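Following the UniProt record's numbering, the numbering of the sequence shown begins with 1 at its first residue and continues without gaps.
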Amino acid sequence: MERVPVLKIGDILLVSIQIDMSDQTAVTLQEDLAERIVATGCHGVIIDITALDIVDSFVGRMLSTIASISKVLDAETVVVGMRPAVAITLVELGLSLNGIRTALNVERGMELIAATRDDDLGYDDTPGDVESATAATSP
Numbered sequence: 001m002e003r004v005p006v007l008k009i010g011d012i013l014l015v016s017i018q019i020d021m022s023d024q025t026a027v028t029l030q031e032d033l034a035e036r037i038v039a040t041g042c043h044g045v046i047i048d049i050t051a052l053d054i055v056d057s058f059v060g061r062m063l064s065t066i067a068s069i070s071k072v073l074d075a076e077t078v079v080v081g082m083r084p085a086v087a088i089t090l091v092e093l094g095l096s097l098n099g100i101r102t103a104l105n106v107e108r109g110m111e112l113i114a115a116t117r118d119d120d121l122g123y124d125d126t127p128g129d130v131e132s133a134t135a136a137t138s139p
C-alpha cells in the first residue's frame, strides 16, 4: 500500500497527494496526519490536490473528515490546487466540504493559514493600531 508523505514546513504540515487515492490510502492518511499534528504541534495543514484529476465521494468526504479532525486538534486545513473538473465534481456530488478553506496554490494556502492564526492570536497588521495602542499606554 502506498502512503502519502506528510512534510513539516515551519508551523504547517504539507500533504501533497501525488497518487490515486484508494479508500485504504485515504484512511491511512487520516490516521498519519492526526498523529503528525499531535506530535509536531503544528497549527496548519495544507493538502495539495493538484495532481488529482478526479475525486469521488469517498475522497471528498475524507477531505472533510481530515479538516474536522485537524480542527479538533487545533490545526486549520486548507486544500490547494483544486482543478476546475474536481470542483465541479464535488459540487455535482453535493459535497460542500464544510470546514475546508481553499486556495489556488501552496503559497496562498500558507498565507491564508498565517492570516487565520494571526486573527486567532489577536494580531493586527494595521500600523495605526500599534501607534494608538502605544499612545494609549504612554504616560
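For each residue, glycine too, the CB sits at the ideal point set by N, CA and C. Since this is a predicted model, take the numbers as computed values, not measurements.
CA-to-CA, the gap between V106 and V80 works out to about 6 Å. Boundaries of the alpha helix (DSSP H) harbouring I88: 84-92, taken from the DSSP string. By the CB criterion at 8 Å, S57 and L93 fall inside the cutoff.
Taking a cut-off of 8 Å on C-beta distances, the segment 83-98 does not touch the segment 26-34, as fewer than three cross pairs fall below it.
Between R117 and I12, the alpha-carbon positions lie close to 11 Å from each other. In summary, E2 is exposed, with fewer than 16 beta-carbon neighbours lying within 10 Å of its beta-carbon over all protein chains present.
Within the segment 29-87, the runs of beta strand (DSSP E) that reach at least 3 residues and sit entirely inside it are, in chain order, 44-48, 76-80. Here the alpha carbons of M82 and D48 stand approximately 8 Å from one another.
In this structure, DSSP gives I12 an extended state, which the three-state scheme calls strand.
By alpha-carbon distance to G60, the top candidate from S22, M110, V45 is S22.
Here the alpha carbons of V72 and V78 stand approximately 15 Å from one another. Counting every other CB atom within 10 Å of its CB across the protein chains shown gives E35 a total below 16, marking it as exposed. I19 sits exposed, since fewer than 16 C-beta atoms from the chains shown fall within 10 Å of its C-beta. In this chain, the beta strand (DSSP E) harbouring R101 covers 101-103.
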